[in-house]
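Student: Quick one: structure below, then a few questions.
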Amino acid sequence: GEYDDAMPYDKYVEWQRECLSEMLRIIPENGAIFYNHKWRVQGGRLQDRQDIVAGFPVRQILIWRRKGGLNFNPGYFLPTYEVIYVIAKPKFRLAPKANAHGDIWEFSQDMNNPHPAPFPVDLIDRIVSSTTAKTVLDPFMGSGTTAIAAINHKRDYVGIDLWQEYCDMAENRIKEHTAQVKLF
12 GEYDDAMPYD KYVEWQRECL SEMLRIIPEN GAIFYNHKWR VQGGRLQDRQ DIVAGFPVRQ
72 ILIWRRKGGL NFNPGYFLPT YEVIYVIAKP KFRLAPKANA HGDIWEFSQD MNNPHPAPFP
132 VDLIDRIVSS TTAKTVLDPF MGSGTTAIAA INHKRDYVGI DLWQEYCDMA ENRIKEHTAQ
192 VKLF
């Protein structure tokens, strides 16, 4: 199936809050959710994420400063960063030395990925390596970047996506990456 996330904002907020609630419910007491979200603009108005994350145990906000990018809208400045909310259970701790990264991370966008909004593997590698999680869950798997990062760090992963095209894309990228990892 396919899912259109360009729904009315109140419905979008409800959907995202439901997703976060379920993720928080299933992660262990030492788990965390790294919730990345681009700003949305509908009807010429910026939609803040506070209405989505309000009430969740947000421990920290990370900034992913993107190098480069494109802006096709003459009404807005080029967006150069995205916010990552660290929503953590009480016993969550970073992996040793991960706190040295600071809270502003600069990574180039992945321009060689056919997905329309791919995350760079280096960004997700940083997130995965900053935790001690044995299993990584990505309920919006897209092109499989989280799975690749999990493989890089010898972690198990669970990926979910509703779009068959993205599931196929992720499966192909994971197979290619696994074959490359075995070569080294």
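Counting in the working numbering, the sequence shown runs from 12 upward without gaps.
Positions of the beta carbon are idealized from the N, C-alpha and C atoms, including for glycine.
1) By a C-beta neighbour count over all protein chains shown, 10 Å radius and 16 as the cutoff for buried, is P129 buried or exposed?
2) With a floor of 3 residues, list each beta strand (DSSP E) that falls wholly inside the region 93-174, ordered by position along the chain.
3) My guess is that G42 and F103 are in contact by the Cβ rule of under 8 Å, so how many angstroms apart are they, rounded?
4) Kindly confirm or deny that the region 114-121 and the region 71-88 touch, where touching means at least three C-beta pairs closer than 8 Å.
5) Would you kindly report the start and end of the unbroken alpha helix (DSSP H) that includes Y196?
6) How would you call D179, buried or exposed, if buried means at least 16 neighbouring beta carbons within 10 angstroms?
7) Going straight from the alpha carbon of K100 to that of R166, what length do you get?
8) Per DSSP, L73 is paired with what?
9) Go to F45, then tell me how far its beta strand (DSSP E) extends in each direction, as first and last residue.
10) In the DSSP assignment, what residue or residues form a beta bridge with V52?
11) Applying the 10 Å Cβ sphere with the 16-neighbour rule, what's the burial state of F45?
12) Count the other CB atoms within 10 Å of the CB of E29; is the residue buried (16 or more) or exposed (fewer)?
13) H143 and V169 look like a contact to me (Cβ under 8 Å); what is the Cβ gap, rounded to whole Å?
14) What does a CB cutoff of less than 6 Å around L105 pick up in its chain, not counting 5 residues either side in sequence?
15) Alpha carbon to alpha carbon, how far is Y87 from N183? Give it in angstroms, no decimals.
16) To the nearest angstrom, report how far apart N110 and R137 are at their CA atoms.
17) Buried or exposed for Y20, please, with buried defined as at least 16 other CB atoms from any protein chain shown within 10 angstroms of its CB.
Tutor: According to the structure shown:
1) For this step, residue 129 is matched to residue 118 along the sequence shown. Buried, by the Cβ-count rule.
2) 115-119, 146-149 and 167-170
3) As a working mapping, residue 42 is identified with position 31 in the sequence shown. As a working mapping, residue 103 is identified with position 92 in the sequence shown. Sure, about 6 Å apart at Cβ, within 8 Å.
4) yes
5) Any question about residue 196 goes unanswered here, given that the chain covers just 12 to 195.
6) Numbered from 1 along the sequence shown, position 168 holds the residue referred to as residue 179. Exposed, because fewer than 16 other Cβ atoms sit within 10 Å of the Cβ of D179.
7) For this step, residue 100 is matched to residue 89 along the sequence shown. For this step, residue 166 is matched to residue 155 along the sequence shown. Going from the Cα of K100 to the Cα of R166 covers about 20 Å.
8) For this step, residue 73 is matched to residue 62 along the sequence shown. Looking at the DSSP assignment, L73 forms a beta bridge with I95.
9) Working through the sequence shown from its first residue, we reach residue 45 at position 34. Its beta strand (DSSP E) spans residues A43 to H48.
10) The residue given as residue 52 occupies position 41 in the sequence shown. When beta bridges are read from the DSSP output, V52 appears opposite L57.
11) The count along the sequence shown starts at 1 and reaches residue 45 at position 34. Flag for F45 reads buried.
12) Residue mapping note: residue 29 aligns to position 18 of the sequence shown, counting from 1. Exposed, since its Cβ has fewer than 16 Cβ neighbours within 10 Å.
13) The residue you call residue 143 lines up with position 132 of the sequence shown. The residue you call residue 169 lines up with position 158 of the sequence shown. Note that residue 143 is Thr in the sequence shown here, rather than His. Not quite, the Cβ-Cβ distance comes to about 17 Å (not below 8 Å), so this is no contact.
14) On the sequence shown, residue 105 is found 94 positions in, with the first residue counted as 1. Non-local C-beta neighbours of L105 in its own chain, meaning closer than 6 Å and more than five positions away in sequence, comprise S141, ordered along the chain.
15) Residue mapping note: residue 183 aligns to position 172 of the sequence shown, counting from 1. Residue mapping note: residue 87 aligns to position 76 of the sequence shown, counting from 1. Near 36 Å, if we compare the C-alpha coordinates of Y87 and N183.
16) As a first step, residue 110 must be located in the sequence shown, where it is residue number 99. As a first step, residue 137 must be located in the sequence shown, where it is residue number 126. Going from the Cα of N110 to the Cα of R137 covers about 11 Å.
17) Here residue 20 refers to the residue found at position 9 of the sequence shown. Counting Cβ neighbours within 10 Å, Y20 comes out exposed, since fewer than 16 surround it.
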